Amino acid sequence: MFIVEREVPSPEVFLMIRKAAGMGPRSMEGATRGLGNELCSVVLKLEQNKKIVGMGRIVGDGGTVLHICDMAVVPDFQRQGGGTMVMNELMRYIEEEAPPNTYINLLADVNGFYERWGFKPSRPSSTGMHLKRDSK
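To convert, note that position 101 of the sequence shown is 100 in numbering that gives the first Met the number 0; the numbers rise steadily by one, no gaps.
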């Protein structure tokens with residue numbers, strides 16, 4: 000049903016998938032500037048027509064800190080194994096490229112999904128925080 004490829008989605012596809020999955024908005028300017036600068040980008044495609052229906056990315060410095068972000072699958076294709084395929088490919092990149100003692104983090108919107116790859120809540124040793132620049 001799905002294939003996973005290391006590929007950067009277009010800004011339009013990136014924004015469409017985020018919106019469809021109920022994720023917070025990003026600007027076209029931000030997507031255009033940011034996409035292509037990640038360490039690894041993975042897309043989930045329908046096998047039959049190669050349409051992109053999911054994605055995930057890794058950003059960071061490539062040596063000390065990696066951040067998994069933009070994990071999303073269009074709702075019509077959720078709960079069919081595609082998110083697991085995307086995460087497996089991102090973890091393959093980490094296994095191949097991350098030096099020892101690299102700090103790997105993510106912000107999870109789904110409970111019980113990321114634990115199978117060894118992720119644990121950071122509390123109480125640390126607290127995740129965020130700041131978002133508002134629209135102009």
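All C-beta atoms, glycine included, are put in the ideal place defined by N, C-alpha and C.
The model shown is predicted, which means the values in this text are computed figures rather than measured ones.
Rounding to the nearest angstrom, what Cα-Cα distance links residue i and residue j in this structure?
i: residue 68; j: residue 89; result: 10 Å
i: residue 27; j: residue 51; result: 18 Å
i: residue 48; j: residue 18; result: 22 Å
i: residue 103; j: residue 79; result: 26 Å
Of all the options the options, which has the alpha carbon lying nearest to the alpha carbon of residue i?
i: residue 39; options: 109, 70, 134 and 118; result: 70
i: residue 98; options: 6, 44 and 65; result: 65
i: residue 133; options: 87, 119, 33 and 23; result: 23
i: residue 44; options: 58, 61, 73 and 20; result: 73
i: residue 61; options: 92, 55, 85 and 76; result: 92
i: residue 57; options: 127, 124, 130 and 6; result: 6
Which class does residue i belong to by DSSP, given the choice of helix, strand or coil?
i: residue 105; result: strand
i: residue 7; result: coil
i: residue 50; result: coil
i: residue 13; result: helix
i: residue 178; result: This structure cannot settle anything about residue 178, because the visible part of the chain is limited to 0 through 135.
Report back the beta-carbon spacing between residue i and residue j to the nearest angstrom; my notes put them in contact at under 8 Å.
i: residue 111; j: residue 82; result: 12 Å between Cβ atoms; not a contact.
*Please specify which runs of the beta strand (DSSP E), each continuous and at least 3 residues long, are wholly inside the region 54-100, giving them in chain order.*
Listed in chain order, they are 64-72.
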